[in-house]
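Written below as structure tokens is the structure these notes are about.
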Amino acid sequence: MSAKPGHPELAAEFIKDTERMHWHDKALWFVREKRDLASQSVDEWEELRSLANQIKTHTIDKLDFYLEQFAQNAKQNGIHVHWAKDAEEHNKIVHTILKSKSVKKLVKSKSMLTEECHLNPYLEDRGIEVVDTDLGERIVQLRKEPPSHIVLPAIHLKKEDVGKTFEKFLETEKDNCDPTYLTREARKHLREKFLAADASMTGVNFGIAETGGVVVCTNEGNADLGASLPKLHMASMGIEKIVPRLEDLSVFTRLLARSATGQPITSYTSHYHAPVEDGEMHIVIVDNGRSDILATEDFKRSLHCIRCGACINTCPVYRRTGGYSYGYTIPGPIGSTLGTSNDPKRNKTLSFACSLCASCSNVCPIMIDLDEQLYKHRQTVVNAGYLDKTKHNILKMATWVLKYPALLAFGGKMARIFVPIMPRSILYSKINAWGKKRELPPFPKNSFKELYKKRGEKK
Amino acid sequence: MKIGLFIPCFMNELYPDASMDTLKILESLGLDVEYPMDQTCCGQPMANTGCAHEADQLAHRFLKIFKNYDYIVAPSGSCVAMVRDNYAQFLEGEEGFEHLRSHTYELVEFLHDIIKPTSLKAKFPHKVSIHNSCHGHRKLNMASMSERNLPKFSKIKDILSLVEGIEFVEITRDDECCGFGGTFCVTEEALSAAMGLDRVNDHLNSGSQIITGIDMSCLMHMQGVIDREKFPIKTMYISQILAKGL
């Protein structure tokens with residue numbers, strides 16, 4: 488298998504279209520600013536973050552207990568509970584349930600977990616029509632693209648792109664890219680899909696251990712329509728989605744939408760605690776590498792994530808390189824730490840796709856130490872031997888020189904003599920990555936050390 | 020009070036004037052400052068590239084050289100953040116480390132928190148905008164962050180306000196990363212340069228004449244962009260403004 492391109496290559500490709508890069512950056516910065524206003528409207532914002540952090544720390548430390556409590560209570564509510572150790576098991580469980588009910592048409596609301604498990608192609612290969620019903624997800628599904636953002640799946644597309652896509656698949660008017668028109672057409676199209684569906688699938692934002700129910704937050708009401716119309720409702724939930732009590736949920740619902748889109752709350756915060764009348768409800772609880780992360784001291788806090796996307800919106804790297812530059816289901820800071828935890832070889836460039844600015848950790852409603860995790864994950868990559876050998880050797884050599892001040896001083900002296908007289912064609916040759924878009928600083932005659940010494944001699 | 024002056028390796032080689040101004044400011048306040056000649060690098064480039072083994076050797080060297088000073092002062096937010104936040108992995112439990120960690124300060128932070136000068140001799144009648152470099156900003160807490168819902172402050176502005184005639188100009192995204200990021204500036208060359216250009220344009224559009232800040236590395240990166248694009252603005256390290264008139 489040929490090596491997949493890393494973040495730097497994919498980023499450079501995205502950046503080539505400067506106008507689009509700036510458009511993408513501004514679209515996400517707009518969301519970040521809305522989030523700032525929303526968070527500033529809550530006086531106790533920082534206390535809420537701290538509370539959320541404490542609740543998650545407690546829950547993740549006692550996850551086995553709360554998962555069992557959740558499962559027991561869910562069963563008492565008449566919900567079927569399944570456990571999947573990985574993506575394959577998850578997909579098999581879902582398919583088995585669908586097959587037993589002879590389901591041909593499935594409607595889904597947003598779920599990054601089913602993206603992570605590649606459920607759609609798995610089911611489609613087995614003859615089941617899968618329709619994503621979140622508007623953004625439907626757009627990218629029609630285009631056969633993965634979501635480029637966990638909350639805003641089609642944020643990389645302009646309204647003109649959406650107009651063209653709908654023209655092709657929904658037979659909308661030619662060159663009409665009026666957002667209201669397109670949304671109405673999508674609504675018509677999706678309404679038919681909802682009515683024809685045999686089963687529905689949702690993700691889970693929160694599973695409440697105390698009550699054995701799940702909570703799904705959407706703005707479009709698509710999860711509600713899906714979960715209410717067909718008689719079969721399945722929900723996929725990562726093991727980390729648990730909160731202990733119903734009252735704990737209020738801390739997270741106050742943080743989630745404000746952090747995600749700057750709304751006080753999502754339009755729909757729906758609690759599912761039992762199947763619909765004469766229907767069935769299933770919850771599939773998925774590990775897929777999460778308990779391995781739980782076992783690491785440095786990275787287990789990445790399981791506190793509530794998938795609000797705030798770290799993605801604020802990330803100056805994501806805003807300028809887009810979701811696909813990461814080559815992982817979840818982009819941005821949170822995706823880079825999860826991706827490196829799950830597969831450091833495949834995702835070896837992700838922890839380096841970060842300037843360590845730490846905006847992510849400060850915007851995170853759960854106070855996850857994202858920048859510190861990305862800093863630490865670079866050691867994961869180096870220790871596993873996946874750092875580029877040339878770069879590693881340069882740093883090894885530099886370290887050796889830096890242990891001998893006289894040698895460093897000599898090297899510096901030589902550079903200050905020769906760099907200024909080098910022809911530009913050599914100084915700015917291909918190997919000078921700095922010099923592609925930037926001038927080098929002028930080299931001074933003396934180092935500080937030399938000036939300091941001279942000054943001492945004068946005194 | 021004996022102060023050990025730590026000059027970041029690249030500043031020693033490339034920015035002797037900004038480094039000398041750092042020393043001058045401290046001496047002008049009557050402080051006893053010494054520059055230990057054996058110092059080289061804190062190991063940040065290695066640590067930020069995941070090379071813990073290499074960073075570990077330089078951290079030990081740094082501790083040996085600086086542990087006996089009452090305070091260690093450096094003209095750099097990110098090198099100080101390295102000592103304060105990242106050295107523990109290598110030096111936890113070593114003799115002198117706790118003292119080193121809690122007594123290493125960035126220049127402006129040291130002036131603001133410890134020396135607390137009420138006046139400076141400097142005059143600088145120009146329009147100045149501040150680059151809040153990430154490590155100084157979010158690790159050393161030099162100013163309030165746009166992400167947080169906490170009272171507004173800026174230690175950098177407080178100290179610069181002592182300079183006669185200085186006029187502050189506000190930019191639109193006042194704590195966005197410039198894209199230098201250490202080895203990031205070459206690993207992610209296209210992105211780093213694009214981020215730098217965006218930052219410089221923000222300062223330029225604000226009507227600023229001088230971009231200043233506490234991290235020379237960020238300013239070097241932005242100056243590189245300015246020189247290539249021939250923009251009518253320039254960067255100046257904060258010590259060079261504070262030392263005017265000395």
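Taken in sequence, the protein lines are chains S and G. Every position in the first sequence, counted from 1, becomes a number in my numbering once 487 is added. Every position in the second sequence, counted from 1, becomes a number in my numbering once 19 is added. Every residue gets a Cβ at the ideal spot worked out from N, C-alpha and C, and that includes glycine.
Taking residue i as part of the alpha helix (DSSP H), name the residues at either end of that continuous run.
| i | result |
| --- | --- |
| S/I626 | 622-629 |
| S/K823 | According to the sequence provided, residue 823 of chain S is Ser. The question's Lys does not apply to it. Looking at the DSSP string, the run of the alpha helix (DSSP H) that includes S/S823 is 819-829. |
| S/K502 | The question names Lys, but residue 502 of chain S in the sequence shown is Ile. Counting along the chain, the alpha helix (DSSP H) containing S/I502 begins and ends at 494-503. |
| G/R80 | 71-85 |
| G/S38 | 35-47 |
| G/F286 | Residue numbering for chain G in the displayed model covers 20 to 265; residue 286 of chain G lies beyond these limits and cannot be assessed. |
| G/M65 | 63-66 |
| S/N540 | 532-548 |
| S/A797 | 797-801 |
| S/S848 | 846-850 |
| S/Q750 | No alpha helix (DSSP H) contains S/Q750, which DSSP labels as neither H nor E. |
| S/F949 | The question about residue 949 of chain S has no answer here: the residues shown for chain S are numbered 488 through 946. |
| S/E937 | 935-945 |
| S/N564 | Looking at the DSSP string, S/N564 is not in any alpha helix (DSSP H), and its letter there is neither H nor E. |
| S/D858 | 857-870 |
Near residue i, which residues of its chain fall below 6 Å by C-beta distance, leaving aside the five closest residues on each side in sequence?
| i | result |
| --- | --- |
| S/F501 | T808, G809, S812 |
| S/R507 | none |
| S/S537 | none |
| G/K43 | A262, L265 |
| G/A78 | G62, Y106, F109, L110 |
Per DSSP, residue i forms a beta bridge with which residues?
| i | result |
| --- | --- |
| S/I772 | S/W570, S/M724 |
| G/E53 | G/G23 |
| S/H758 | S/V702 |
| G/Y256 | G/G232 |
| S/A686 | S/L593, S/L719 |
| G/E186 | G/K146 |
| S/E767 | S/L719 |
| S/V730 | S/I695 |
Between residue i and the rest of its own chain, which residues show a CB-CB distance below 7 Å, the 5 nearest in sequence each way excluded?
| i | result |
| --- | --- |
| G/S38 | I26, M30, N31, P94 |
| S/E576 | none |
| G/F203 | S211 |
| S/V518 | T748, G749, N800 |
| S/R678 | none |
| S/A714 | S687, T689, H720, Y759 |
Assign residue i to one of two classes, buried (16 or more other C-beta atoms within 10 Å of its C-beta) or exposed (fewer than that).
| i | result |
| --- | --- |
| G/F199 | buried |
| S/M454 | This structure cannot settle anything about residue 454 of chain S, because the visible part of chain S is limited to 488 through 946. |
| S/Y815 | buried |
| G/Q242 | buried |
| S/G872 | exposed |
| G/E111 | exposed |
| G/E189 | exposed |
| S/T583 | exposed |
| S/L894 | exposed |
| S/I566 | buried |
| S/T877 | exposed |
| S/M488 | Low confidence applies here, because S/M488 scores a pLDDT of 43, under 50, leaving its location unreliable; read the following figure in that light. Result: exposed. |
| S/K941 | exposed |
| G/F129 | buried |
| S/I752 | exposed |
| S/T620 | buried |
| G/M214 | buried |
| S/V773 | buried |
| S/F897 | exposed |
Residue i lies in the beta strand (DSSP E); which residues open and close that run?
| i | result |
| --- | --- |
| S/F693 | 693-695 |
Cβ closer than 8 Å: which chain B residues qualify as neighbours of residue i?
| i | result |
| --- | --- |
| S/M508 | This model lacks chain B altogether; the protein chains it does include are S and G. |
Go through its chain and collect everything with a Cβ distance to residue i's Cβ below 8 Å, but skip five positions before and after it.
| i | result |
| --- | --- |
| S/M599 | P634, I637, G690, R794, T816, I817 |
| G/I260 | A141, F143, V147, L179, V182, I185, I229, T231 |
| S/G766 | P717, K718, L719, H720 |
| S/L535 | V529, V738, R741, L742, P852 |
| G/M20 | L50, D51, D89, Y90 |
Whole runs of the alpha helix (DSSP H) within the stretch 584-662 of chain S, excluding any shorter than 4 residues:
For the stretch 584-662 of chain S, whole alpha helix (DSSP H) runs of length 4 or above, ordered along the chain, are 599-603, 606-611, 622-629, 646-656.
At 4 residues or longer, and completely inside the stretch 89-176 of chain G: list those alpha helix (DSSP H) runs for me, N to C.
Secondary structure remark: continuous alpha helix (DSSP H) runs of at least 4 residues inside the stretch 89-176 of chain G, in chain order: 96-100, 107-110, 116-122, 126-129.
Extract the residue ranges of the alpha helix (DSSP H) inside the stretch 873-918 of chain S, only unbroken runs of 4 or more that lie entirely within it.
876-889, 892-905, 911-914, all fully within the stretch 873-918 of chain S.
May I have a chain-ordered list of the beta strand (DSSP E) segments no shorter than 3 residues that lie completely inside the stretch 201-248 of chain G?
Counting only runs of 3 or more, we get 229-232.
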